[in-house]
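Enquirer: First, the structure itself, so that you have it in front of you.
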């Protein structure tokens, strides 16, 4: 969804020695953000439309706020490699909040 080059630029990482590790953090960040939103993430409108055709219209298309939340989460995972505070970084939660699906609300 977000090119690895942009993720590495955010992390200020040169070279490709840590690409596999960064990809793992990125995948975890996307998963964590989608779980917090309680809805699937779609790359673009076409992907969202295809999902809607099969009855999955509750997702959200990636936008700058969601991408920034993912990048902030990758940065947190990259810099905090041991067990620490749980959950998404506070700034990431703030960026995601307007798109969050809260059942029953």
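Residue numbers (the numbering used here): 7 to 111.
Note that CB positions come from ideal geometry on N, CA and C, so glycine has one too.
The model shown is predicted, which means the values in this text are computed figures rather than measured ones.
1. If I measure Cβ to Cβ from residue 34 and keep anything under 7 angstroms in the same chain, skipping five residues before and after, which residues do I get?
2. Report the start-end ranges of each alpha helix (DSSP H) in the segment 30-99 that is 4 residues or longer and not cut off at the edges.
3. Determine the contact status of residue 66 and residue 45, defining contact as a CB-CB distance below 9 angstroms.
4. Assuming residue 26 contacts residue 10 under a Cβ cut-off of 8 angstroms, what Cβ separation, rounded to an integer in Å, is found between them?
5. Below 9 angstroms between beta carbons: does that hold for residue 28 and residue 17?
6. Taking its Cβ as the centre, do 16 or more other Cβ atoms sit within 10 Å of residue 54, making it buried, or is it exposed?
7. Would you verify that the beta carbon of residue 81 is, or is not, closer than 9 angstroms to some beta carbon of chain B?
8. How many angstroms separate the CA atom of residue 4 from the CA atom of residue 41?
9. Let's test the definition: count the other Cβ atoms within 10 Å of the Cβ of residue 98 and tell me whether it reaches 16, buried, or not, exposed.
10. Looking only at its own chain, which residues have a Cβ that is under 7 angstroms from the Cβ of residue 36, when we skip the five neighbours before and after it?
Expert: The answer reads as follows:
1. Result list for residue 34: 83, in chain order.
2. The segment 30-99 contains these whole alpha helix (DSSP H) runs: 51-59 and 70-85.
3. Yes, Cβ-Cβ distance for residue 66 and residue 45 is below 9 angstroms.
4. In this structure residue 26 does not touch residue 10 by the C-beta definition: roughly 10 angstroms separates them, more than the 8 angstroms allowed.
5. The beta carbons of residue 28 and residue 17 sit closer together than 9 angstroms.
6. Buried is the label assigned to residue 54, since at least 16 other Cβ atoms lie within 10 Å of its Cβ.
7. The question asks about chain B, but that chain is absent: this structure has only one protein chain.
8. Because the chain is modelled from 7 through 111, residue 4 falls outside the range shown and cannot be assessed.
9. With 16 or more Cβ atoms within 10 Å of its Cβ, residue 98 is classed as buried.
10. Once the five neighbours on either side are set aside, the close Cβ partners of residue 36 are 7, 47 and 76.
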